[in-house]
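Below is one structure, written out as structure tokens; comments come after it.
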Amino acid sequence: MLRTHTCGELRLSNKEREVTLCGWVQKSRDLGGMTFIDIRDRYGITQLVFNMKTDAGLCNKARKIGREYVISATGTVKERSNKNLNISTGEIEIMVKELKVLNPSEVPPFTIEEKTDGGEELRMKYRYLDLRRNPMKNNIILRYEMAREVRKYLDSIGFIEIETPVLIKSTPEGARDFVVPSRLKAGEFYALPQSPQTFKQLLMISGFDKYFQIVKCFRDEDFRSDRQPEFTQIDCEMSFVERDDILETFEGLAKHLFKKIKKFDYEGTFPRLPYVEVIEKYGTDKPDTRFEMLVQDITELAKGKGFKIFDSVEYIGGICAKGGAGYSRKQLDALTDFVRKPQIGANGLVYVKLNSDGTVKSSVDKFFSREDLNKWAEKMNGVTGDVLLILAGERTKTLFALSKLRLEMGKQLKLMDKDTFAPLWIVDFPLLEWDEENQRYHAMHHPFTSARKDDHHLFATDPGKIRANAYDLVINGVEIGGGSIRIHDKQEQAEMFRHLGFTKEEAEKQFGFLMNAFQYGAPPHGGIAFGFDRWVALFGGSNSIRDYMAFPKNTAGRDIMIDTPSLLSDEQLKELSLKVVNK
RNA sequence: GGUGGCGUAGUUCAGUUGGUUUAGAAUGCCGGCCUGUCACGCCGGAGGUCGCGAGUUCGAGUCUCGUCGUCACCGCCA
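The opening residue of the first sequence carries number 26 in our numbering; numbering runs sequentially from there.
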């Protein structure tokens, strides 16, 4: 070993010990007669001290050392005369006898400090330098600790981790695949998995009744701060279970992580809300339940009073912002602009202020009596000091806009505390979703999801109404995971493909291997997959998963550090029987 | 695919209605001084293809168009 200790561990109790430290130069302070160097590694920072009087040659050497040089320093642990109680090693320093430069460093392109001066792109290009910074380092450690706790917990209840292949087969459903050309079979391609879905089902058929895997998945769609081309799932599957067994098992996992990572015990069980109810109450299927502010339907109360806009719409609903009566005209106008943004899509905003002096002021006073407005307030649980914010229009669109407005108000009224965690299960998702573009149904979760038994009769009459045995785990408005009880019967699976518009031949070609397997004793099974990066980001207090991946890609799917995607040589293309067509 | 923001010293940014000699600030960097600093201090210095390309104009960092890069949102993401 080149070192006897790390830069984070020496204390007063080590006084007078002869030690050797290795690390990077955080900063040096040259005072002329003496020089201080802060040496940093993963564990902390320790101050080295050089004195002109003691050893002029060594001190001069120290003065020449720049930021981020890798050095080793041997010397004696001394008590500081001027202590720095802000850092854990601040009571001691190393009186250096021997100093080695293990490797010099160029001046880094941004400062490697708690708060860097570097912009996002630059930090990405020099990711290895950014990762030296404490906040980034801690994110990566958090990620590791969560992965470790996931493995510990699942292991403790009998799950085993099994790897599945990365070079698999492209399938038509779902997201676009990343593909890999085959050299040995010209014109043929592998695909990278969007998830190990079919493999984990096959493992159930093999008898591995409790499987999990922390695994990379790949989806070639457009990227966001919470979506990367390659991301990590905690992929899980169990046999001989029903929905509630899965929910209980993985609620246990979530509670384990809350306890071990966030140090709090979640009391009771997570709320479970059916999809239709959650849409009605929050306008979205991934509600942030850290705060109430439920959406209320006032269509019946507000229609037929002569206000044309309301009379002509399908749905009128609103939220009650507690303590919002103090909102100024300007603030309410800003909210109106907010909901009218094309991404939100509302036409306008009606407000009703329940003023603290007992008066009621609304933007529709002309059309509604005080009594009418009181009824709205009652329905929406509004009391003196609140403001009611009301949108009207087509039901689905209006609920969507209300969900965005609710989040905005939650933000403005500071109801979204980073250290509060509000999990819930959304259950009874629709099995099928009508796809206008292709004029057919597609699976809302995936085509292996089973329908609830009590809804099977709807296949013939109203497929859009069928509820699936599917569920999502949502925490603080973030979709953390989702899964379903799967189909394990060949006939039923074939039927599902038929409803999704596959011909028998297509289904056979794409998923024949799975349906064949169903003929050899497939156990009832189901599972769930969690977006590991999102979960880590949530616990880390951010919504950008990039900050929790060691080497992420940008929103264009580019790794600007290694500069890829990149061109292949003509030789490589030829070997792969590929020709690039310039668009 | 669509909408919008941003692009000016190494870095983060300012730069007024298009017009004042040499495009500024902070920080970083380099040199000098300094024996208890820890955001060290003081003095001095270097550092610019104003993303790129056209255009408008007597004159463009500033206006227009295109293009590239980047970020956010919509679509998309079973």
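Positions of the beta carbon are idealized from the N, C-alpha and C atoms, including for glycine.
> Leaving out the 5 sequence neighbours to the left and right, which residues in its chain are closer than 8 Å to N494 when beta-carbon positions are compared?
Replying inline: On the first sequence, residue 494 is found 469 positions in, with the first residue counted as 1. Answer for N494: R268, T474, S475, A476, R477, S509, I510, G551, listed in chain order.
> Which whole-angstrom value is the C-beta distance of F275 and F243, which I expect to be below 8 Å?
Replying inline: If you number the first sequence from 1, residue 275 lands on position 250. If you number the first sequence from 1, residue 243 lands on position 218. That belief does not hold up - the Cβ atoms of F275 and F243 are roughly 24 Å apart, past 8 Å.
> Would you call the stretch 530-539 and the stretch 119-138 in contact, with 3 or more CB pairs under 8 Å?
Replying inline: no
> For V364 versus A402, is the C-beta distance shorter than 7 Å?
Replying inline: Working through the first sequence from its first residue, we reach residue 364 at position 339. Working through the first sequence from its first residue, we reach residue 402 at position 377. No, the pair does not count as a contact, with Cβ atoms beyond the cut-off.
> Among the residues of its own chain, which have a CB less than 6 Å from the CB of G58, if the five just before and after it don't count?
Replying inline: Within the first sequence, residue 58 is the residue found at index 33, counting from 1. The answer, listed in chain order, is M77.
> Mind checking whether I570 and D584 have CB atoms under 7 Å apart?
Replying inline: Here residue 570 refers to the residue found at position 545 of the first sequence. Here residue 584 refers to the residue found at position 559 of the first sequence. Taking a C-beta distance under 7 Å as the contact criterion, I570 and D584 do not qualify as a contact pair.
> Is it the case that the Cβ atoms of Q51 and D63 are separated by a distance below 7 Å?
Replying inline: For this step, residue 51 is matched to residue 26 along the first sequence. For this step, residue 63 is matched to residue 38 along the first sequence. Yes.
> Alpha carbon to alpha carbon, how far is L379 from L360?
Replying inline: The sequence position of residue 379 within the first sequence is 354, counting from 1. The sequence position of residue 360 within the first sequence is 335, counting from 1. So the alpha carbons of these two residues sit roughly 17 Å apart.
> Residues in its own chain within less than 6 Å of P455 by CB, not counting five upstream and five downstream?
Replying inline: The residue you call residue 455 lines up with position 430 of the first sequence. Taken in chain order, the residues that qualify are M469.
> Near T523, what residues of its chain come up, given a Cβ to Cβ distance below 8 Å and the 5 sequence neighbours on each side ignored?
Replying inline: Locating residue 523 in the first sequence gives position 498, where the first residue counts as 1. Note on identity: in this sequence residue 523 is Arg, with Thr being the wrong assignment. If we look at R523 and ignore the five residues flanking it on each side, its Cβ neighbours are K529, A532.
>> What would DSSP say about Q253, mapped onto helix, strand or coil?
In response: Here the question's residue 253 lines up with position 228 in the first sequence. Coil at Q253, not helix or strand.
>> My output table needs one value for F283: the three-state DSSP class, helix, strand or coil.
In response: Residue 283 sits at position 258 when you count from the first residue of the first sequence. Reduced to three states, the DSSP call for F283 is helix.
> Is the Cβ-Cβ distance between Q518 and M405 less than 7 Å?
Replying inline: The count along the first sequence starts at 1 and reaches residue 518 at position 493. The count along the first sequence starts at 1 and reaches residue 405 at position 380. Their beta carbons are not under 7 Å apart, which means Q518 does not touch M405 by this criterion.
> If you draw a straight line from the alpha carbon of T122 to that of R176, how long is it in whole angstroms?
Replying inline: Against the first sequence, residue 122 aligns to sequence position 97. Against the first sequence, residue 176 aligns to sequence position 151. At residue 122 the sequence reads Lys, which differs from the Thr that was named. Each residue's alpha carbon lies about 46 Å from the other.
>> What does the Cβ neighbour count give for P590, buried or exposed, with the cut at 16 atoms within 10 Å?
In response: In the first sequence, counting from the first residue as 1, residue 590 sits at position 565. Flag for P590 reads exposed.
>> Given this structure, state the Cα-to-Cα distance separating D251 from S594, to the nearest angstrom.
In response: As a first step, residue 251 must be located in the first sequence, where it is residue number 226. As a first step, residue 594 must be located in the first sequence, where it is residue number 569. Straight-line Cα distance between these residues: approximately 33 Å.
> Which of the three DSSP states, helix, strand or coil, is assigned to T99?
Replying inline: Numbered from 1 along the first sequence, position 74 holds the residue referred to as residue 99. Three-state result, T99: strand.
> What distance in whole Å lies between the Cβ atoms of Q258 and S220, which are believed to be in contact at a cut-off of 8 Å?
Replying inline: For the purposes of this step, residue 220 is identified with residue 195 of the first sequence, where counting begins at 1. For the purposes of this step, residue 258 is identified with residue 233 of the first sequence, where counting begins at 1. Indeed, because the Cβ distance is near 6 Å, the residues count as touching under 8 Å.
>> Here's the rule: buried if 16 or more other CB atoms are within 10 angstroms of the residue's CB, otherwise exposed. What is E262?
In response: Start at 1 with the first residue of the first sequence, and residue 262 comes out as number 237. It counts as buried.
>> In this structure, how does DSSP classify L360 when only helix, strand and coil are distinguished?
In response: The residue given as residue 360 occupies position 335 in the first sequence. L360: helix per DSSP, three-state reduction.
> With which residues is K241 paired in a DSSP beta bridge?
Replying inline: Walking along the first sequence from the start, residue 241 turns up at place 216. K241 is bridged to T257.
> Which of the three DSSP states, helix, strand or coil, is assigned to M586?
Replying inline: For the purposes of this step, residue 586 is identified with residue 561 of the first sequence, where counting begins at 1. DSSP places M586 in coil when its eight states are reduced to three.
> Can you give, in chain order, each stretch of the alpha helix (DSSP H) that sits fully within the stretch 127-197 and has at least 4 residues?
Replying inline: 145-150, 152-155, 159-181
> DSSP three-state call for N39: helix, strand or coil?
Replying inline: For this step, residue 39 is matched to residue 14 along the first sequence. N39 falls in the helix class under three-state DSSP.
> Taking C-alpha atoms, which residue in P472, Y466, D453 lies nearest to D479?
Replying inline: Your numbering for residue 479 matches position 454 in the first sequence. Out of P472, Y466, D453, D453 has the C-alpha closest to the C-alpha of D479.
>> Alpha carbons only, please: which of R105, N109, I112 is nearest the one belonging to E118?
In response: On the first sequence, position 93 is the one that residue 118 refers to. Shortest Cα-Cα distance from E118 to any of R105, N109, I112 involves R105.
> Which word fits I182, buried or exposed, when buried means at least 16 other C-beta atoms lie within 10 angstroms of its C-beta?
Replying inline: As a working mapping, residue 182 is identified with position 157 in the first sequence. With fewer than 16 other Cβ atoms within 10 Å, it is exposed.
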